[in-house]
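The opening position of the sequence shown corresponds to residue 541 in our numbering, with each subsequent residue numbered one higher.
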Amino acid sequence: MEKSDQTAEAIAHELNNVLMIIDLSLDLLKEQYIQNDKIEHLLKVAHDNVKRGTELNQRLLEFANRD
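Here it is in structure tokens:
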């Protein structure tokens, strides 16, 4: 594996860790503010963007592991 591929893989791994922590935190917040529609909407927007970041991260991993 080339150094750039290893670097991309390491970055993707670290980013995935960050995204998982954010996603878990959003889930915990949602449980606390379940009856507040505005906060619930903002949490959904944040969660959707975490999902998007996770998908982009997966593409980065696929790029790093291409042959």
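Glycine included, C-beta positions come from ideal geometry on N, C-alpha and C.
Where do the ends of the alpha helix (DSSP H) carrying residue i lie?
i: residue 556; result: 543 to 572
i: residue 606; result: Element bounds for residue 606: n/a, residue is neither H nor E.
Just checking: is the beta-carbon of residue i within a distance shorter than 9 Å of some beta-carbon in chain D?
i: residue 565; result: Structure shown: chain D not included; a single protein chain is present.
Between the options, which has its C-alpha nearest residue i's C-alpha?
i: residue 586; options: 567, 604, 597, 545; result: 567
i: residue 594; options: 543, 553, 581, 546; result: 553
i: residue 564; options: 576, 549, 583, 575; result: 583
For residue i, collect the residues of the same chain with a Cβ closer than 6 Å to its Cβ; drop the 5 residues on either side in sequence, then sort them by chain order.
i: residue 562; result: 590
For residue i, which residues in the same chain have their Cβ closer than 8 Å to its Cβ, ignoring the five residues on either side in sequence?
i: residue 551; result: 600
i: residue 580; result: 570, 573, 574
i: residue 559; result: 590, 593, 594, 597
I believe residue i touches residue j by the beta-carbon criterion, under 8 Å. Please report the beta-carbon distance rounded to the nearest angstrom.
i: residue 605; j: residue 556; result: Not a contact, Cβ separation roughly 14 Å.
Starting from the C-beta of residue i, find all residues in its chain whose C-beta is less than 7 Å away, skip the five residues before and the five after it, and write them out in chain order.
i: residue 548; result: 600, 603, 604
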